[in-house]
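Residue numbers (the working numbering), protein chains in the order written: chain A, 87 to 577; chain B, 388 to 714.
Taking it in order: structure first as structure tokens, then the write-up.
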Amino acid sequence: MTPPTLNSIVPSYDPEAFFDELFSAPGVMRPEFVTLAEKLEKMQGGELSGRQQAAERALMRMGITFQVYGDESQAEKVFPFDIIPRVISAKDWEVVERGLRQRIKALNLFVQDVYGDKKILKDGVVPDWVVYSSSGYMQACEGLKPPLGVWCHISGSDIVRDGEGKFYVLEDNLRCPSGVSYVLSNRQVMKRIFPEVFSKMGVRPVSDYPEMLLQTLCAVSPESQGSPTIVVLTPGIYNSAYYEHAFLAQQIGAELVEGRDLVVANGYVCMKTTQGLRRVDVIYRRINADFLDPEMFRPDSVLGVAGLMDVFREGRVAIANMPGPGVADDKVVYAYVPDMIKYYLDEEPILPNVPTYLCSRDEEKSHVLENLDKLVVKEADGAGGYGMLIGPASTKKEREKFRELILANPRGYIAQPTLSLSRAPVLMSDSERMEGRHLDLRPFVLYGKEIKVMPGGLTRVAMKKGSLVVNSSQGGGSKDTWVLRDQGEGS
Amino acid sequence: MKGNLLLSRVAESVYWMSRYVERVENTVRLMNVNWHLMLDLPQMLSNEWESLLHVSGDYELFKDSYSEVTSENVMQFMTFDTSNPNSMLACLTSARENARSIRDVVTPEMWEQLNALYLMVKTYDSGSNNFYQNPHEFYQEIQTGILHYYGQMNANIYRGQSWRFFHLGNYLERADKITRILDVRYFLLLPSLEEVGTAVDDLQWAALLRSASSIEPFVKKYGPVEAHAIIEYLLLDVQNPRSLRYCVQRADSALRELGSVPTGMYNNDAERRSGQLLSELSYLTVDEIVRMGLHECLDDLQVKMNQLHVAIRERYFNPDAQSGVWV
């Protein structure tokens, strides 16, 4: 029975040959998301695009904009946002969450081990040259002992699904993963736009993230009495993630500071206030680790605080994330994470890695060079979608360039099969019609006294047709991510 | 204990953000009043626009890029021209930049309002909206937007240290503008205070009053518009929220609350200078001002306000100048 007001947005959608997050077949949404399908169908002509525009206006007004580096003349842009949510069932999420907990536990033990006893290197599970040649390895961190043994307080591994819908970890981000503010503001906007759908579908809230973050930071404070003084250390207003730094500081009641606001005095890190110097207990850093302390790391840094690491060693200030975990962001080290999980936890990995060929191994290198047109080649320390070769979409010239790069520096490159990344429908701007676009997921994991996983995370979507690159620097956008409650949990 | 603390850098940004917003408020008021006045005046008296450029001290800058003082040019220069640091758009840009750097102090609602106001002026299409023929509606919108911002501020800002800097910025800027408006208008209007009385003069005095303040309470208290009464109303009337004395008094209280110092005492140069200025304004009479010469008197007051600004900067925004106080 089809009432006459129904529009064709749902029936006309074709997921094609991909695994689609929302649709099981052309025009058919997965049964657990039926409430959303009904809502979308009931919207009158123009209503949906009207809501899309309302969402964009709201984001503009909230000032959630970014500016392309080095181009001051260009107007600020809203991070593209699509109002069709990406929905994850309770069953699927349960696996992802367990997998993330397991992974971060192992990664944290690895970082601790690398800068401490080095058991995993001595046992030959991870070759030591791999670790010492990682661009994220920091010699100055040797022997450091952070409170509770936690190095990676805030992490955000990137997760993808393949053609069958199976989840994989694509890469780990243990340094300064950003994007959580988009998750929170996307949700805020979506609640204004689709209020009626939320309670009906049992979407799990994300708004308690700041509270969890605050608890995580308090847990590592050297000052056990009273509430600690926490600061968010930002490079300043010209950083592309500045909005997030300010937002999080406000949400957790921390001071938003720049390096010039801090100074080491009387053995403590202090901030310069109108009433004089004031001791700081916990630094949530959003500047790169090598800028933290010019005396320890980069001497040319003006963003950090001279003498900070000495105070840390005395146990008088905590830093989150610690400098050092970047060693595991390297994509060659990444290839060993399943082995780390077995080594430290004696468990099978719940979330698999994407199969990875290391060009530093001769036989794998030959395989990569023979199959450049089929594989994705990445720089071992690359990020942001730069420095990549997507084989099937590449030209002969590009492949030749990468062949030379790999031969010149095998340690610097890895390759992975080109995954048929999952897709989800995106609302087209020209009309009331949806098309499938590839996406990934960056869930956020907090590690203090215990591990907490935010339900959902940042869904990044390639807004360009056919594109596999979801990074915002490459024209990617985002979607709100809805993790549904388990039915047994009640609504 | 975290307590109530404020970074020096943040205090300075709050102060400047407040000054810039208040500057826009004063400029838009001045522009709107002037535009209305021009409709009532004979055509040849177009030097009203010129005087307006003197209020913000931007006449020379204007002459650099515009050949003629026309209403259109002045409106463009004072509203949208970002090469003029005192234009509304330039001030809103600066206010917003400052707000951005202290987004953890400004409430999200205030930020949204300031951002919306900035976007409105920045993206406004003056050509297709018939702006130069009828700027009233647009100026009204800006004024409403600023009042909305102040409403958010007064309703929601936590009354901690940062609140005092919101006040300091607001009231010192307003104080500065009052003296400038009075000084410039007086200069053009009156070679000598005794030559008052023509119809055009009355219109202009009324316009002066409207530019700096509201006229209704004035009429209620003083009767017909008259030069001496206006000087008293704008400089000395303690009940007029847009009088110099009122502004200095508010700034003085903000400083005393910051330093926890009672009236009549001081611990630093900022407190001393503001107390001195306030007591001067409290016991000054209009006759004394006229005897001294209004222009000379205003000049003197401006110098003192400037010294106060410098003293505040030294005490609160320049932590390197402080000894290492341990809190």
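The beta carbon of each residue, even a glycine, is placed where N, CA and C say it ideally should be.
All values reported here derive from a predicted model rather than from experimental measurement.
Rounded to the nearest whole angstrom, the CA to CA distance from Ala542(B) to Leu300(A) is 27 Å.
Annotated three-state conformation of Arg372(A) is coil, per DSSP. Taking a 10 Å sphere around the C-beta of Val612(B), we find 16 or more other C-beta atoms and assign the residue as buried.
Arg396(B) and Glu435(B) have their C-alpha atoms some 40 Å from each other. Taking a C-beta distance under 8 Å as the contact criterion, Thr442(A) and Leu394(B) do not qualify as a contact pair.
Counted as a single uninterrupted DSSP element, the beta strand (DSSP E) harbouring Ala404(A) occupies residues 404-406.
Lys358(A): not part of any alpha helix (DSSP H); member of the beta strand (DSSP E) spanning 354-359, first to last residue.
In the same chain as Ala327(A), and ignoring 5 residues on each side of it, the C-beta atoms closer than 6 Å to its own belong to Ser264, in chain order. Excluding its 5 nearest sequence neighbours in each direction, Val492(B) has C-beta neighbours in its own chain below 7 Å: Val397, Val401, Ser549, listed in chain order.
Taking a beta-carbon distance threshold of 8 Å, Tyr703(B) counts as an interface residue toward chain A.
By the C-beta density criterion, Tyr218(A) is exposed, having fewer than 16 other C-beta atoms within 10 angstroms. Residue pairing for Ser564(A): DSSP places it in a beta bridge opposite Phe167(A), Arg546(A). Residue contact check for Gln689(B) against chain A: no CB pair falls below 8 Å.
Taking C-beta separations shorter than 6 Å and ignoring five residues to either side along the sequence, the partners of Tyr573(B) in its chain run Leu681, following chain order. Taking a Cβ-Cβ cut-off of 9 Å, the neighbours of Ala335(A) in chain B comprise Arg490, Asp491, given in sequence order. The stretch 176-188 of chain A makes no contact with the stretch 391-411 of chain A; the number of CB pairs closer than 8 Å stays below 3. Residue state for Val612(B) is assigned as coil, using DSSP reduced to three classes. Annotation: Cβ neighbours of Leu392(B) in chain A (cutoff 7 Å, chain order): Thr359, Gln361, Arg364. Cβ-Cβ separation between His441(B) and Val571(B): approximately 5 Å, consistent with a contact (criterion under 8 Å). Per DSSP, the unbroken alpha helix (DSSP H) holding Val217(A) starts and ends at 214-218. Between Leu299(A) and chain B, the shortest Cβ-Cβ separation is not below 8 Å. A Cβ of chain A is located within less than 8 Å of the beta carbon of Gln548(B). Under a criterion of Cβ atoms nearer than 7 Å, the residues of chain B adjacent to Val343(A) are, in order, Leu394. The way I'd put it, the stretch 202-210 of chain A doesn't touch the stretch 406-416 of chain B; fewer than three beta-carbon pairs between them come closer than 8 Å. DSSP, reduced to helix, strand and coil, places Ser454(B) outside both helices and strands of the structure shown, so it counts as coil. In terms of beta-carbon proximity, Met148(A) lines the interface with chain B, with at least one pair separated by less than 8 Å. Take Ile170(A), set aside five residues on each side of it, and the residues of its chain with a beta-carbon closer than 8 Å to its own are Leu108, Leu126, Ala510, Pro511, Val512, Leu513, Met520, Lys565, in chain order. Glu499(B) has a beta carbon lying within less than 8 Å of a beta carbon in chain A. At a C-beta separation below 8 Å, Arg487(B) has these neighbours in chain A: Gly149, Ile323, Tyr328, Ala332.
Using a Cβ-Cβ cut-off of 8 Å, Asp294(A) does not count as an interface residue toward chain B, since no Cβ of chain B sits closer than that to its own. At a cut-off of 8 Å between C-beta atoms, Leu685(B) does not count as an interface residue with respect to chain A. Taking Gln502(A) as reference, the option from Glu484(A), Leu493(A), Ser480(A), Ile476(A) with the minimal CA-CA separation is Ile476(A). Look at Asp347(A): its C-beta is under 8 Å from a C-beta on chain B.
Only residues of its own chain outside the window of five on either side were considered, and among them none has a CB closer than 8 Å to the CB of Lys482(A).
Taking the Cα positions, Arg406(B) is about 10 Å away from Asp563(B). Counting along the chain, the unbroken beta strand (DSSP E) around Ser110(A) starts and ends at 109-111.
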